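In this text, residue positions in the sequence shown follow the working numbering: the first is -16, and each later residue adds one.
Glycine included, each C-beta is placed from N, C-alpha and C at the ideal position.
Please read all numbers here as calculations on a predicted model, not as lab measurements.
Only one structure is covered here, and it is reproduced in the block below.
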Amino acid sequence: MLFRTVLLLLSILPGICPSASAETRALLIGASDYDNSFGIPDLKGPVNDIHLIMDMLKERGINDVRVLLDEEPDSGKPTKNNIMSAFARLEEESKAGDLVYIHMSGHGSRQPDQNGDETDGLDEIFLPSDVKKTPQGAQTVPNALVDDEIGDAIDKIRDKGASVWLVMDSCHSGGGMRDASNYSASRNVDPGILGLQTVAAASAIGNEPSDDIASSQDKEGRGEILAFYAARSSEVAKEIDLSEGNSKDNSGWFGLFSSTLVKKLEQNPNLTYRQLFQSVLSDINNNGSLGVAKLQTPSWEGSMIDNLVLGTRTGSARQTFLVKGDEIEAGLVQGLQVGTLVGLIGSDLSSKDYLGFAQVEEVETRLAYLRPVAKDCEPDTEALCEWTGDIEENARFAQVIAQPRDQVIKFSPIFDLQSGEPLKGHEWLEDMLKIELDKTSSQVGISAQQSNAAYDVQILRDKDVLWFGPQASIGRKPVGLPFKIGDHADEAIAGKLSSILARIIHAEYFAKSMSTLVSEDTVQDDAPVEIAARVASSRSEDLVPSDSRNYSPPKECRGALRKMDMKSTSDLDAGQDLKQCDYLEFDAKGTSEDAMDVNRIHIDPKYCIHTTYELVEGTAKSKPLGDPMVICSDCPAPARYSAGYERVFVIASKTQDNKESLNLTGLVENCFDDDQAGPSRSVLDRSRDLQSGLGAIMQKATNSRSAMSFSSAVSDVWVDKFQWRTVPKEFVLLE
């Protein structure tokens, strides 16, 4: 794993403001001229990849570009020393707010893990042009660039406040694959050729790249990260002759991933990174020039996925899904349901005109099937619209237009905190809540209403504050999400209340949907991953009153953590009480050699959803599932008082060839208000993202087209749930 640093007290550390003179710079690496004496073949495409990328950057006005190419020695050859020196230069020159683009084209392979951070026991390596054969008995390839080294270098750039977009167009596999035609070749070197006979068999296992370059949690002031990988570790990255033999030299050869990426950006320069990735994946899947051989499956990791490519602001385009014939690569996980109405789009994602419309008639966890319908189709789960014509054959993507409203989020009446009785004499408040709840429900497309009986969300009033939570009090002390009200309704308060209600509806909708998938009947031995949630408890005597003079939560918890016995952790019990400065960590370990997409989705007491994605491959060792949490029930801004009920859903799914990974980053998060980190987005955009994220999960939970309902199908999504109660610190001090 790369830069797996435990970053504690994330939410309560001061931020760093980005520079007003942010710059974009690039490092482009193309290794193609290798030592052939022991079997490494030269490559033809990297030099063309780099020139293609250079032209694209120049068209966008980006001129600070460093190039390392074998064919152009004056620019510097792509040796390991030169590459590491170029990384160091980027670190030295970068500052807060900058964007750094790194592109690496060349051979890739694997070698035995040297520091025990890989779940499959293997490190991915990029091969600079001066790579050497491994001496007999050694376990590392001389001059190879190990994934950990790349990650450390990028980590240092991000620590300067700059964000990084990394593209690796190289193979991460040790297993070979026959080329599809005379006009394609592999960017793969078998570890056996490098002298690493011991990993030749192990590296042929069907695993995803485990570079983990994008997996470390951000700390305040650190730049963001996004990594695009050209192929999984069980696959080879292709380079192809686009001229199909008509060029007299090697000028027609390009990396399949690199050339497709540039082509899509030339067609649509204003894509988000997610749209770009999906467009590239769609083109690779529909490339008929490579014959019937299995094509490579790109993957991505990181937090910038919904930003504009080589831009700084978040894109506002609707979430899109790949379409092939009558299949849409989304389902219950992404929020699709039977009856969902979608608009169909061609290869031009910037187009505002739909080619046609379709309705989901069957839905699985990560896949759904469409029927063509008219534009005025009204989504209804029970009665589908009339079949109209055929699915547009040029349709490549789909966007959700409307959802059937079949799941209701129920809110309680407003209760008085002290008496526990329904609030009386505040009709204006009850009326405002009802009006805003109806309006917000309509905006987000998820049914919500008040209920006098069973409810999902309790509402308590304490003086001039409304509190929302699964249970909004602990021992007569309010907990959960607070909302300050006045003594009468006004437009400003109503608007803020609507935003709060949207956040709650999103979170509860997600929690309800995931709860239907919790694998309660699955014994741990049958689970695709073993999940461990462990707690190390702070000592009550190390906590201090929050109203103490010069009180500092970071100082308090640093002291508590120093005195904590980290070796004496215990398993988290369902509904367990946690307190200030307790330390909670999640680990995941594979139970088979299958590569698993694993998402940890945390719903905090304020109904904010936090997503952590990890790739878990192999059974060699456990892997941290996101960075540990340090419980902070009583904190000042920005985290503030955060006692209440918390939930974590762990969602695991086997990776699929030529399919996008089940990475829910950016799809289910719901906190983008002024007091939360993140871009400003409309309620409707957030709702579409959430529902599309849920559709991604649910589509994978059923895996049989003949299954007409979720419950009757075999699931290929595994969901586990953890919950606890974070108690106010004053209770701990009183005890």
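Item to complete: Note down the Cα distance separating Gly428 from Gln386, rounded to an integer number of angstroms.
Response: Looking at the two C-alpha atoms, the distance is approximately 7 Å.
Worksheet item: Under three-state DSSP, which class holds Tyr492?
Response: Looking at Tyr492 - three-state DSSP - the assignment turns out to be helix.
Worksheet item: Quick one, which of Asn251, Ala214 and Asp289 has its alpha-carbon nearest Asn268's?
Response: If we check each option's Cα against that of Asn268, Ala214 comes out closest.
Worksheet item: Cα-Cα, which of Pro61, Arg545, Pro56 and Asn251 is closest to Asp331?
Response: In terms of CA proximity to Asp331, Asn251 leads the group Pro61, Arg545, Pro56 and Asn251.
Discussion item. Report the start-end ranges of each beta strand (DSSP E) in the stretch -10 to 78 that is 3 residues or longer and not cut off at the edges.
Written reply: Correct list: 7 to 13 and 47 to 52.
Discussion item. Taking 9 Å as the threshold (C-beta atoms), are Leu443 and Ile397 in contact?
Written reply: Yes, the Cβ-Cβ distance between Ile397 and Leu443 is below 9 Å.
Worksheet entry | Classification of Val651 by the beta-carbon crowding that lies within 10 angstroms, buried from 16 upward | Classification of Val651: buried, given that the 10 Å Cβ count is 16 or more.
Practice prompt. Look at the alpha carbon of Ser15 and the alpha carbon of Pro611, and state the distance between them as a whole number of angstroms.
Written response: The alpha-carbon atoms of Ser15 and Pro611 are separated by roughly 41 Å.
Practice prompt. Using only alpha-carbon positions, find the residue among Glu227, Ile140, Phe340 and Pro511 that is nearest to Gly372.
Written response: Looking at the Cα atoms, Phe340 is the closest of the given residues.
Worksheet item: What residue range is occupied by the uninterrupted beta strand (DSSP E) comprising Gln720?
Response: The structure shown has nothing for residue 720, since the chain only spans -16 to 718.
Practice prompt. Name the residue from Ala9, Pro95, Ile374 and Lys637 whose alpha carbon lies nearest to the alpha carbon of Gln122.
Written response: Gln122 has its Cα closest to that of Pro95, out of Ala9, Pro95, Ile374 and Lys637.
Worksheet item: Taking contact to mean at least 3 C-beta pairs separated by less than 8 Å, is the stretch 588 to 600 in contact with the stretch 537 to 544?
Response: The stretch 588 to 600 vs the stretch 537 to 544: no contact.
Worksheet entry | Distance CB(Val219)-CB(Phe240) smaller than 9 Å | No. Outside cutoff.
Worksheet item: Anyone know if the C-beta pair for Val150 and Met87 falls short of 9 Å?
Response: Yes, Cβ-Cβ distance for Val150 and Met87 is below 9 Å.
Discussion item. Counting only C-beta atoms, is Ile36 closer than 9 Å to chain C at any point?
Written reply: Of the protein chains in this structure there is only one, and it is not chain C.
Discussion item. Per the DSSP calculation, Ser430 is bridged to which residue(s)?
Written reply: Within the DSSP secondary-structure output, Ser430 pairs in a beta bridge with Val391.
Worksheet item: Would Glu74 pass as a contact of Glu312 if the rule is Cβ separation under 9 Å?
Response: Going by C-beta atoms, Glu74 is not nearer than 9 Å to Glu312.
Discussion item. Nearest by alpha-carbon distance to Met549: which of Cys564, Glu524 and Ala519 is it?
Written reply: Checked all of Cys564, Glu524 and Ala519; the closest Cα to Met549 is Ala519.
Practice prompt. Please state whether DSSP places Lys642 in a helix, a strand or coil.
Written response: For Lys642, the secondary structure class from DSSP, reduced to helix, strand or coil, is coil.
Worksheet item: Leaving out five residues before and five after Glu207 in sequence, what residues of the same chain have Cβ atoms less than 6 Å from its Cβ?
Response: For Glu207, where only same-chain residues beyond five positions count, the Cβ hits under 6 Å are Ser146, Ser286 and Met287.
Worksheet item: Using the C-alpha atoms, what's the distance from Glu361 back to Asp414?
Response: Straight-line Cα distance between these residues: approximately 30 Å.
Item to complete: Following the continuous alpha helix (DSSP H) through Ile514, name the residue where it begins and the one where it ends.
Response: From DSSP, Ile514 is part of no alpha helix (DSSP H) but of the beta strand (DSSP E) over Val512 to Ala519.
Worksheet item: Which value, in whole angstroms, describes the spacing of the CA atoms of Gly22 and Arg93?
Response: Those two C-alpha atoms are separated by around 16 Å.
Worksheet item: To the nearest angstrom, how far is it from the Cα of Gly228 to the Cα of Lys27?
Response: So the two alpha carbons sit approximately 13 Å from each other.
Discussion item. Restricting to Cα atoms, I'd like to know which of Trp450, Asn653, Thr243 and Asp525 is closest to Tyr624.
Written reply: Closest option to Tyr624, Cα to Cα, is Trp450.
Fill in: Sequence-distant residues of its chain with Cβ nearer than 6 Å to Asp445 (five each side left out)
In the same chain as Asp445, and ignoring 5 residues on each side of it, the C-beta atoms closer than 6 Å to its own belong to Leu400 and Pro461, in chain order.
Worksheet item: If you draw a straight line from the C-alpha of Tyr337 to the C-alpha of Leu353, how long is it?
Response: Those two C-alpha atoms are separated by around 15 Å.
Worksheet item: Near Lys60, which residues of its chain fall below 7 Å by C-beta distance, leaving aside the five closest residues on each side in sequence?
Response: Leu51, Asp53 and Ser112.
Worksheet item: If you drop the 5 nearest sequence neighbours on each side, which residues of the same chain put their C-beta closer than 7 Å to that of Pro528?
Response: The residues are Leu716.
Worksheet item: Quick one: Cα of Ala210 to Cα of Trp283, how far?
Response: Per the coordinates, the alpha-carbon of Ala210 lies some 5 Å from the alpha-carbon of Trp283.
Discussion item. Could you check whether Phe569 and Arg630 sit closer than 9 Å to each other, using their CB atoms as the reference points?
Written reply: Not closer than 9 Å, so no.
Discussion item. DSSP three-state label for Glu191, please.
Written reply: Because the pLDDT at Glu191 is just 37, under 50, the model does not fix this residue reliably, and the value given afterwards should be weighed accordingly. Looking at Glu191 - three-state DSSP - the assignment turns out to be coil, as it is neither helix nor strand.
Worksheet item: Of the choices Asp142, Ile392 and Asp106, whose alpha-carbon is the least far from that of Asn131?
Response: The sequence as given places Asp at residue 131; Asn does not occur at that position. Measuring from the Cα of Asp131, the nearest candidate turns out to be Asp106.
Practice prompt. Would you kindly work out how many angstroms separate the C-alpha atoms of Leu412 and Ser456, rounded to a whole number?
Written response: Their Cα atoms are separated by approximately 20 Å.
Worksheet item: Is it right to say Lys417 is buried, meaning 16 or more other beta carbons lie within 10 angstroms of its own, or is it exposed?
Response: Label assigned to Lys417: exposed.
Practice prompt. Would you mind giving the Cβ-Cβ distance between Leu35 and Ala9, rounded to the nearest angstrom? I have them listed as a contact below 8 Å.
Written response: In fact, because the Cβ distance is near 13 Å, the residues do not count as touching under 8 Å.
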